[in-house]
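Trainee:
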Amino acid sequence: LSSALLLYVAIVTPVVVGFFWEREPCNPIPTLEFDMFVDIVFVIEILLNFFIGIYHQGVYRDDLEFVAWSYLTNSFLFDVATSIPVAIVEFATIQQCRAEGGEAEQDF
Numbered sequence: 122l123s124s125a126l127l128l129y130v131a132i133v134t135p136v137v138v139g140f141f142w143e144r145e146p147c148n149p150i151p152t153l154e155f156d157m158f159v160d161i162v163f164v165i166e167i168l169l170n171f172f173i174g175i176y177h178q179g180v181y182r183d184d185l186e187f188v189a190w191s192y193l194t195n196s197f198l199f200d201v202a203t204s205i206p207v208a209i210v211e212f213a214t215i216q217q218c219r220a221e222g223g224e225a226e227q228d229f
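Here it is as C-alpha cells:
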C-alpha cells in the first residue's frame, strides 16, 4: 500500500503544483480528500514502525524498547519530515474559511 501511495504522490504532486498553485486559499484542490487519506496512512505507518520488529545483526528483535529506540535513532526524523500532513492542514484552513464566511467553492 505504501508503495502505491508513494507512486500516487510522485505523479499527482507535480500536477497539483503546476495547475493549482495560484488558487485562492479557501478553494480546495480536487484531490484533497484522497490526499488526506494518504497523509493519514503515512502517519499511521510512522506509529506502526515503533511496534514492528526488526533484524539487528542477523537476529530478529521485537522488544518494544529496542525497536522504538532503533527507529528513533535511524529513520524517524526522515519519516516525520517527509510525512507532514499538508492536506489535513489545508482542509483545516478551508474549514476556517467557511466558518468565517469565505468563498469556499467545490471545484470537484
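The sequence shown begins at 122 in this note's numbering and counts up by one.
Don't be surprised by glycine CBs; every beta carbon is placed ideally from N, CA and C.
#1: Got a sec, what are the start and stop residues for the alpha helix (DSSP H) ARG219 sits in?
#2: Sort ALA131, PHE163, GLU166 and PRO151 by Cα distance to PHE140 and report the nearest one.
#3: Given this structure, state the Cα-to-Cα distance separating ILE161 from GLY179, to the nearest angstrom.
#4: Just verifying my parser: in three-state terms, what is the DSSP assignment at ILE150?
#5: Can you tell me whether ASN195 is buried or exposed, with buried defined as 16 or more other CB within 10 angstroms of its CB?
Mentor: Short version:
#1: The residue you call residue 219 lines up with position 98 of the sequence shown. That run of the alpha helix (DSSP H) goes 207-220.
#2: Start at 1 with the first residue of the sequence shown, and residue 140 comes out as number 19. Taking only the C-alpha atoms, the option nearest PHE140 is PRO151.
#3: Counted from its first residue, the sequence shown places residue 161 at position 40. Counted from its first residue, the sequence shown places residue 179 at position 58. Going from the Cα of ILE161 to the Cα of GLY179 covers about 32 Å.
#4: What you label residue 150 is simply residue 29 of the sequence shown in a count that begins at 1. Shown here, ILE150 sits in coil according to DSSP, grouped into three states, outside any helix or strand.
#5: Counting from 1 along the sequence shown, the entry for residue 195 is found at position 74. Label assigned to ASN195: exposed.
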